[in-house]
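For the record, the sequence lines run as chains X and C.
Residues 0 to 527 (numbering that gives the first Met the number 0) are what the first sequence spells out, left to right.
Residues 0 to 272 (numbering that gives the first Met the number 0) are what the second sequence spells out, left to right.
The beta carbon of each residue, even a glycine, is placed where N, CA and C say it ideally should be.
Structure record follows, encoded as structure tokens.
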Amino acid sequence: MATLTHDPIHAGHAAHHGPTGLMRWLTTTNHKDIGTMYMIFSFIMFLSGGVMALTIRAELFQPGLQVVEPEFFNQLTTMHGLVMVFGAIMPAFVGFANWMIPLMIGASDMAFARMNNWSFWLLPPAAILLLGSFFVPGGATAAGWTLYAPLSVQMGMGMDLAIFAIHIMGISSIMGAINIVVTVLNMRAPGMTMMKMPLFCWTWLITAYLLIAVMPVLAGAVTMILTDRHFGTSFFNAAGGGDPVMYQHIFWFFGHPEVYIMILPAFGIVSQIIPTFARKPLFGYASMVYATASIAILSFAVWAHHMFATGMPAAGQLFFMYATMLIAVPTGVKVFNWVATMWRGALTFESPMLWATGFLFVFTIGGFTGLICAIAPIDIQVQDTYYVVAHFHYVLVAGSLFALFAGAYFWLPKWTGHMPSEFLGKLHFWCSMVFFNITFFPMHFLGLAGMPRRIPDYALQFADFNAMASVGAFGFGLSQLIFLVVLVKCVRGGRKAEARAWEGAEGLEWTVPSPAPHHTFEVAPVVR
Amino acid sequence: MGRTGHIAGLSLFLAAAPTLAQEPHARYNLQAPVTTIAAQIDDMHTFMLIICLVIFIGVFGVMFWSVIRHRKSRGAVAANFHEHTGVEIAWTVIPILILLGMAWPATKTVIAMKDTSNPDITIKATGYQWKWGYDYLQGEGEGIRFLSALSTPREQIEGAAPKGDAYLLEVDNPVVVPVGKKIRVVLTANDVIHSWWVPAFGVKQDAIPGFIRDAWFLAEKEGVYRGNCAELCGRDHGFMPIEVHVVSEARYAAWVAEQKSKMAVAQAPADPG
């Protein structure tokens, strides 16, 4: 599809100039450096959030209170959510976008290189505020990651730190999103029309619009909590003329598009990988683009399905139920397209493809439970139970996280110049896959049988499945250390990667050497 | 129909189920329904589970067929097709039709759940951090009011005593209602949002401070039904259960008389007369 003449004479210029050591990373405007920093940051946050999750699972291993007090337990569930959503998943995808979008569209860098530096360097201070809030009087916020008022108004100063952290991370996300929109729209190589773009660029373009649309909404919601807490406003206080449920409407107007912000780039990554290892073009490219856009548009009209239990009029429940069910249509189209891409291909299962296939299988289970949750009367039974916990971990861990791992194994050769260890990659996949299901599958049963979420102790009939989930969680957590070994080994050495690291790989990123030189596409390639 | 979910769960998790006979609690599926609404929800869930299972087997049958048969190592040569308008329209339109089939029963249930008119008894439930307050507002028992808090002893929670059968699901003063009567529950809260949830009734309704919401149930079987607060409400969110005793009309009348006399005794010293 794409042709490029890489100029060997200019290869010498590809080296890095400028400050070295710490100053290089502080001042860098290079999309590859910034992409790398995003990914290292998100992996550190992933491990931090993972430690919180394991503490939660340790407490829930058996009935009774053993490990942590209820108040600290609530802090852990809250912070696990915030750290994983805002610290791990979102920055990881921005890191992928930084590294890969310029390489995929034949641009020399992101459109706003200095803003790119700033949008990354906002994140560490935000993370310090967020994680540091555990150590302030009263501890971290324990209002749940959704920060529902009026509970969040009751919290100690950890809540204020979380609010500021969300503000800063929101600014970072908005700047990152603007950068991606402008880069994709303006910096494509000649001949790279919109409908020739790799699907990863498409999904990120749409995601970036979602981010710009909804991050300010979240900022507004948490700012109103802040003023309710300290400045005597009553946005969410009925005694002062406010409405606690209004917070939920505003939050979920952000929150539901946010769900797709975390999954659309994953769809993009998987859409790059499956055709590569099927050695066959992606089935239904155009319908993939339209399906992604439909999901994004629908995401603005479904928010109140998170609120069926708040008590809406029947008309409201019916509207949000129908709109939510409709999302199954474009999502189904995507799954069918991926399966059709594999159909009559010449498949091989190197680590990236193994992860992508695993994604497809387990994410779809999350899609089915999502459809079941969409049915308002059923949702009344499973809302705020472990069923919902199972559902969103099937889409966020088996969806977003598995796709991130697939992408990492896929592009590590381009980033490091070495092939990741196939043995460790496969071991990582099979351990993750097995332990993931041991952890989260029983949670469906727990939720159906009536176990609420966010409780540190539970009735005795839930004991067996909780013990099972806890064992699985520790297995899953330890499996992620395999990935750390893969990363270290891959950076330090290993089999040299060719420019086209995978046999069936298509696209501009595979026309530059591996590892990608510090500067690429100083002269734009021409796409036929 | 309600069995199917059990069977699907069983076959998947047979290894993890040591004692299935005589199980008093639901383990793999929704709790046994005692209201029409809960029964409808249970049936709808089973119906959806079957449809999802069929689609799942279809889609992943195709995928695993590919995974096994279309391998390069087995000499597969990649085809080059990448679109087919007919197929793409089919797999857009057919899911819409399936969704319509799902939406129809759900719509009827939503409308039925919202019909709180003409109750026999109205009870106000107020969420507090961390207990429930109940006021019988209308119908037989009008005027009864009490607080209902967790009765599981602290030693059981801390592991200093063996845990009882209704661990964390028992209260000092349960709600008592007569069987076969339409009960309207009016909900509010005193501090933060709580949620009143009894799975066997198919009722889960948030209790929102400063606002009134309502829900209803008509229990068709006598018994003790237990639930939890279902909205994170702070430290002891996991420790404010709901216990409802559904009793015969005669026993309900006796309970009402007993409560009235208790309240009369309690009020007597405070009476200025």
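Asked                                                                                                                                                                                : Found
Checking the sheet assignment: what are the DSSP bridge partners for residue 384 of chain X?                                                                                         : X:451
Figure out for me which residue from C:196, C:105 and C:214 has the closest Cα to the Cα of residue 41 of chain C.                                                                   : C:105
Within its chain, find whatever has a CB closer than 6 Å to the CB of residue 125 of chain X; leave out the 5 residues flanking it on each side and keep chain order.                : 164, 167 and 168
Helix, strand or coil, according to DSSP, for residue 195 of chain X in the structure here?                                                                                          : helix
Could you tell me the boundaries of the beta strand (DSSP E) in which residue 154 of chain C lies?                                                                                   : Looking at the DSSP string, residue 154 of chain C is not in any beta strand (DSSP E); the run it does join, the alpha helix (DSSP H), is 153-156.
Taking just the CA atoms, how far does residue 178 of chain X sit from residue 111 of chain X?                                                                                       : 6 Å
Would a check of beta-carbon distances place residue 124 of chain C closer than 8 Å to chain X?                                                                                      : no
Please confirm if the segment 359-376 of chain X is in contact with the segment 316-324 of chain X, defined as three or more CB-CB distances below 8 Å between the two stretches.    : yes
Taking 8 Å as the threshold (beta carbon to beta carbon), is residue 28 of chain C in contact with chain X?                                                                          : yes
Can you give me the Cβ contacts of residue 444 of chain X inside the same chain, cut-off strictly under 7 Å, excluding the 5 residues immediately before and after it?               : 464
Using the DSSP secondary-structure output, state which residues sit across from residue 133 of chain C in a beta bridge.                                                             : C:124 and C:145
Quick one: does residue 309 of chain X have its CB under 8 Å from some CB of chain C?                                                                                                : yes
For residue 587 of chain X, write down the residues that DSSP places opposite it in a beta bridge.                                                                                   : The question about residue 587 of chain X has no answer, for chain X in this structure spans 0 to 527.
Name the chain X residues that come within less than 9 Å of residue 66 of chain C, Cβ to Cβ?                                                                                         : 341, 346, 348 and 356
Quick check on residue 208 of chain C: does DSSP put it in helix, strand or coil?                                                                                                    : strand
Let me check understanding here. Comparing Cα to Cα, which of X:256, X:28 and X:435 lies closest to residue 365 of chain X?                                                          : X:435
Please report how far the alpha carbon of residue 384 of chain X lies from the alpha carbon of residue 185 of chain C, in whole angstroms.                                           : 22 Å
To the nearest angstrom, how far is the alpha carbon of residue 284 of chain C from that of residue 88 of chain C?                                                                   : Any property of residue 284 of chain C remains undetermined from this structure, which presents chain C solely from 0 to 272.
Go through its chain and collect everything with a Cβ distance to residue 182 of chain X's Cβ below 7 Å, but skip five positions before and after it.                                : 100, 101, 106, 109 and 110
Which same chain residues end up closer than 7 Å to residue 210 of chain X when comparing Cβ atoms and leaving out the 5 residues on each side of it in sequence?                    : 172, 173, 176 and 260
How should residue 20 of chain C be labelled, buried or exposed, when 16 other C-beta atoms within 10 angstroms of its C-beta is the threshold for buried?                           : Confidence in residue 20 of chain C is poor, its pLDDT being 38 and thus under 50, which makes the residue's placement too unreliable to answer from.
Figure out for me which residue from X:262, X:52, X:122 and X:272 has the closest Cα to the Cα of residue 501 of chain X.                                                            : X:272
So, helix, strand or coil for residue 20 of chain C, using DSSP?                                                                                                                     : Unreliable placement is indicated for residue 20 of chain C, whose pLDDT of 38 sits below 50; the coordinate value is still reported in the next sentence. Residue state, collapsed to three classes: coil.
Would residue 276 of chain C pass as an interface residue toward chain X - the criterion being a Cβ-Cβ separation below 8 Å?                                                         : No answer is possible for residue 276 of chain C: it lies beyond the span of chain C, which begins at 0 and ends at 272.
Which term fits residue 171 of chain C, buried or exposed, when burial requires 16 or more other beta carbons within 10 angstroms of its beta carbon?                                : exposed
Rounded to whole angstroms, what's the CA-CA distance from residue 504 of chain X to residue 490 of chain X? Just pull it up for me.                                                 : 21 Å
Please confirm whether residue 117 of chain C has its beta-carbon closer than 8 Å to some beta-carbon of chain X.                                                                    : no
For chain X, is any of its Cβ atoms less than 8 Å away from the one on residue 218 of chain C?                                                                                       : no
Just to make sure I have the definition right: I need the residues of chain X whose C-beta is within less than 9 Å of the C-beta of residue 131 of chain C. Which are they?          : Result: empty, since nearest Cβ-Cβ is about 15 Å, beyond 9 Å.
Could you have a look at residue 232 of chain C and say whether DSSP puts it in helix, strand or coil?                                                                               : coil
Compute the beta-carbon to beta-carbon distance between residue 342 of chain X and residue 65 of chain C, rounded to the nearest angstrom, for a pair I have assumed lies under 8 Å. : 5 Å
List the whole-angstrom C-beta distance separating residue 449 of chain X from residue 198 of chain C, where the pair is believed to meet the contact cut-off of C-beta under 8 Å.   : 4 Å
Applying the 10 Å Cβ sphere with the 16-neighbour rule, what's the burial state of residue 173 of chain C?                                                                           : buried
Would you check if the distance between the CB atom of residue 51 of chain C and the CB atom of residue 325 of chain X is smaller than 8 Å?                                          : no
Taking the alpha helix (DSSP H) that residue 187 of chain C falls in, what are its first and last residues?                                                                          : Residue 187 of chain C -> not in any alpha helix (DSSP H); beta strand (DSSP E) instead, spanning 182-188.
How about residue 398 of chain X and residue 437 of chain X: do their beta carbons lie closer than 8 Å?                                                                              : no
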